[in-house]
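Below you'll find the structure, written out as structure tokens, and then a few comments.
Numbering (my numbering), first residue to last: 10 to 187.
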């Protein structure tokens, strides 16, 4: 079963793009939560209490750097790593397909960049709101607001990719279908 799911993940662009972005985003949140807390404390030590907007801005920068690094690794796993032998024609077509790693990964990142105003309004605005109005600690506000931003932008990006054909599978076989 795991091998079958991995093959599906590798073959279907709509699945691997969304899994990669959600996984990168959630892993980045987990990894960045501690540095966000540390930077928030440093800001308070250097500038005094408050400065929720600066803490939110720092959280966005930390999260973004970690997220992009993880995404590029997951993109390589989904599209260029071939640990399993092809078992069917769709697997053979996928293995035969040669895509430029940097071109395809960067294109997805460019689409994410176009959605980043929506993402960061929800993520950083939500963090600021949760911290200043509901008095959640920076780490908790970061996790909640950035997770919500991932969900909203995944929905928008998936609809966009389906409408413009970006998530359509490349036609490499005679009929181009699985």
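By construction, the Cβ of each residue, glycine as well, lies at the ideal position given by its N, Cα and C atoms.
Report the rounded CA-to-CA distance for residue i versus residue j, giving the unit in angstroms.
i: residue 43; j: residue 125; result: 23 Å
i: residue 32; j: residue 106; result: 24 Å
i: residue 166; j: residue 102; result: 26 Å
i: residue 136; j: residue 54; result: 20 Å
i: residue 46; j: residue 83; result: 26 Å
i: residue 173; j: residue 121; result: 15 Å
i: residue 28; j: residue 21; result: 11 Å
i: residue 16; j: residue 100; result: 7 Å
i: residue 63; j: residue 123; result: 23 Å
i: residue 169; j: residue 48; result: 35 Å
i: residue 133; j: residue 87; result: 29 Å
i: residue 35; j: residue 110; result: 23 Å
i: residue 65; j: residue 116; result: 27 Å
i: residue 130; j: residue 155; result: 10 Å
Which one of the options has the shortest CA to CA distance from residue i?
i: residue 93; options: 80, 12, 21, 175; result: 12
i: residue 141; options: 85, 25, 59; result: 59
i: residue 147; options: 163, 69, 75; result: 69
i: residue 26; options: 73, 79, 145; result: 79
If you run the structure through DSSP and keep just helix, strand and coil, what is residue i?
i: residue 108; result: coil
i: residue 22; result: helix
Regarding residue i and the ligand FMN, is the C-beta to nearest heavy atom distance less than 7 Å?
i: residue 100; result: Looking at this structure, you won't find the ligand FMN or any other ligand, since it has none at all.
Whole alpha helix (DSSP H) elements within the region 55–100, 4-residue minimum: 61–88
Length at least 4, wholly inside the region 120–180: the alpha helix (DSSP H) runs in chain order: When DSSP assignments are scanned along the region 120–180, the uninterrupted stretches of alpha helix (DSSP H) that are 4 or more residues long and fall wholly within it turn out to be 147–173.
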